[in-house]
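Enquirer:
Numbering (our numbering), first residue to last: 45 to 661.
1) Apply the 10 Å Cβ neighbour rule to residue 256 and answer buried if 16 or more other Cβ atoms are within range, or exposed otherwise.
2) Could you spell out the range, first to last residue, of the alpha helix (DSSP H) harbouring residue 482?
3) Residue 320: beta carbon under 6 Å from a heavy atom of the ligand FMN?
4) Could you check what DSSP says for residue 324 in three-state terms: helix, strand or coil?
5) In its own chain, which residues sit with a C-beta less than 7 Å from the C-beta of residue 500, not counting the 5 before and 5 after it?
6) Between the alpha carbons of residue 136 and residue 310, how many angstroms are there, rounded?
7) According to the Cβ coordinates, are residue 210 and residue 59 closer than 7 Å?
8) Beta-carbon within less than 8 Å of residue 637's beta-carbon, same chain only, minus the 5 sequence neighbours each way: which residues are those?
9) What is the DSSP secondary structure of residue 259, reduced to helix, strand or coil?
10) Can you tell which of 596, 188, 176 has the C-alpha that lies nearest to the C-alpha of residue 663?
11) Quick one: Cα of residue 296 to Cα of residue 491, how far?
12) If you check the beta carbons only, do residue 216 and residue 165 fall under 7 Å apart?
13) According to DSSP, is residue 428 part of a helix, a strand, or is it coil?
14) When DSSP labels each residue in this structure, what does residue 592 get in the three-state scheme?
15) Roughly how many angstroms separate the alpha carbons of residue 440 and residue 148, rounded to a whole number?
16) Count the other CB atoms within 10 Å of the CB of residue 283; is the residue buried (16 or more) or exposed (fewer)?
17) Hey, how far is the Cα of residue 398 from the Cα of residue 266?
18) Residues in the same chain with beta-carbon distance under 7 Å from residue 601, minus the five sequence neighbours each way, listed in chain order, please.
19) Does the pairing of the stretch 60-67 with the stretch 83-93 give three or more beta-carbon distances under 8 Å?
20) With burial defined as no fewer than 16 other Cβ atoms inside 10 Å of the residue's Cβ, what is the status of residue 633: buried or exposed?
21) Should the stretch 240-252 be called in touch with the stretch 642-661, which here means at least 3 C-beta pairs below 8 Å?
22) With distance defined between alpha-carbon atoms, name the residue in 598, 544, 580, 587 nearest to residue 474.
23) Once DSSP output is grouped into helix, strand and coil, what is the label at residue 631?
24) Which residue from 278, 193, 131 puts its Cα closest to that of residue 317?
25) Quick one: using the 10 Å Cβ neighbour count with 16 as the cut-off for buried, is residue 113 buried or exposed?
26) Rounded to a whole number of angstroms, what is the C-alpha to C-alpha distance between residue 52 and residue 160?
27) Taking just the CA atoms, how far does residue 301 sit from residue 333?
28) List the DSSP bridge partners of residue 187.
29) Kindly indicate which three-state DSSP category residue 621 falls into: helix, strand or coil?
30) Beta carbon of residue 627, beta carbon of residue 589: below 7 Å?
31) My output table needs one value for residue 55: the three-state DSSP class, helix, strand or coil.
32) Who are the Cβ neighbours of residue 25 in its own chain at under 6 Å, not counting the five residues just before and after it?
33) Residue 620 and residue 648 - do their beta-carbons sit closer together than 7 Å?
34) Would you report the Cα separation of residue 609 and residue 158, rounded to the nearest angstrom?
35) What does the alpha-carbon distance come out to for the pair residue 426 and residue 132?
36) Please classify residue 174 as buried or exposed, where buried requires at least 16 other C-beta atoms within 10 Å of its C-beta.
Shown next as structure tokens:
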């Protein structure tokens, strides 16, 4: 596979060099195209050395004896030769050019000639990002189906704090792979989805509603769009970002939702009704605010005028299949035909309730889990420790309980941690001594912008230690590791997986720390000298605790501990060794928060399950 990497003119261009390397590690042939402004930040020679290919910098190269028609239309040839176009950083200027079809340099001209998928990683000042012109251009590019990665929030190069920082290269590289591996089996389908609650007014300031986050409908809409469908999402009031490549129609009442559904029903080939439409309404809404002393309020069942979203009654051909959301708490009610009944299929006169199937419910709950939604777990009667374990090469080894002489694969991964776990004497040092030794650290440049040192937290005699990259804004403010959104997901992963596997484990039972103890500016990747300085304290922490196993989160932590060059996608799920302690590598929770990383979430849960069973069985 071939990728054209466009580099815009911004301070984040230095990250693009790491992105070029990350794409090459994923077996992509990378052709770098730089704007004139980009060359002010990074030299083309850097990219040429990383990719082994000439870097394109000008639309019309200097005259030479080798000039030909091919050199004059090189932008066409590059556009046709590559499978995906990645632009990072995508500056406000570049996005404006792309949105309005301006073509005054090689990159913008190639963009117009390119017919494949496009991934944009914006980076700019936070006010530039929020400007209505930038947001309008962004919406145009989203509607073209382009994948937008980021930007992240944090401290920016200009000194302000907010959205505008380019996403990390590993995150962008994984997004590129997700786009290249995207299924397109729903091309030609038009999917109509309802999501979220409706609000029925009681008076001008009060309303009655059903509880609904809208997450399921939004996830279904995003998944259908990712698989090539044209998607219309009719959404009640929710607090969720609009899915990429989806037409969103925002409504408030059941009547507005009904009208929006019927207006978009005719072209729909699939209808998914995931909205929590209000069950009651007031027959006549008063003009003024109801007084507390007013007469008793009378609620009418059903939608306004007793009309509900009877989709099938509005179709002369009864064309689209339609699905409804599951019900609780008694269980899931599955309807015959499902959400993917196609046009012309025979539909039952009345949907039937099927008996609950334990395996089906387990799959449904695991699907919710993969979407990052908190859910209940069924106990599994199987003993997970008896399940086969996979080596780094993908070959299933013997069950853990029966492994006696495992062999290490050529990659250096260890198929069974028991084979390499030694029991050296503890260091004798306590965490309190190590923390006191750090003091008010000024050993590297990271101390200049920090608020608090984030040393670590948890059980000092923990059997399992999690190691991340470094603190973010929330961690820097509180002085504790993994307390932001990524930390909440990590807690859910630890406790949810333990509960599902029947293990009595809570987050306080493990120990959590990072490679670096101070927040890097703009949440950038820690530099090698910074990791070396902080690494000595991390190593002392691990020696003091001497856990049964370590779980490293993300590529930076994996490279710091294991000194390996592979990306996290190649290392994850495998056992390695650090000073005799088994180490499991998996994705960083912040990466799993990305909406396009659903498959990675399932892999991360599997990795964590391996680690938990090894440590606590």
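No residue lacks a Cβ here, since even glycine has one placed at the ideal position from N, Cα and C.
Expert: Let's see:
1) buried
2) 475-482
3) In the structure on display, the ligand FMN does not appear, and there are no ligands present to speak of.
4) strand
5) 525, 555, 556, 557, 585
6) 38 Å
7) yes
8) 416, 529, 530, 533
9) helix
10) Residue 663 is absent from the structure shown; the chain starts at 45 and stops at 661.
11) 49 Å
12) yes
13) Note on residue 428: pLDDT 35, under 50, position unreliable in the model; no value is reported.
14) coil
15) Reliability of the predicted coordinates at residue 440 is poor, the pLDDT of 31 falling under 50, and the value obtained from them is presented with this limitation in mind. The straight-line gap from Cα to Cα measures roughly 55 Å.
16) exposed
17) For residue 398, the predicted model reports a pLDDT of 46, less than 50, meaning its position is unreliable; a value from the coordinates is still stated below. Taking the straight line from one Cα to the other gives about 28 Å.
18) 511, 512, 513, 559
19) yes
20) buried
21) no
22) 587
23) coil
24) 278
25) Caution is warranted here: a pLDDT of 47 is assigned to residue 113, below 50, making its placement in the model unreliable, and the coordinate value is therefore given only provisionally. Burial call: exposed.
26) 20 Å
27) 25 Å
28) According to DSSP, which records beta bridges pairwise, residue 187 is partnered with nothing at all.
29) strand
30) no
31) coil
32) This structure gives no information on residue 25, because the portion of the chain shown stretches from 45 to 661.
33) no
34) 33 Å
35) Here residue 426 scores only 35 on pLDDT, less than 50, and its place in the model should not be relied on; the value that follows carries that caveat. Distance between the alpha carbons of residue 426 and residue 132: 47 Å.
36) exposed
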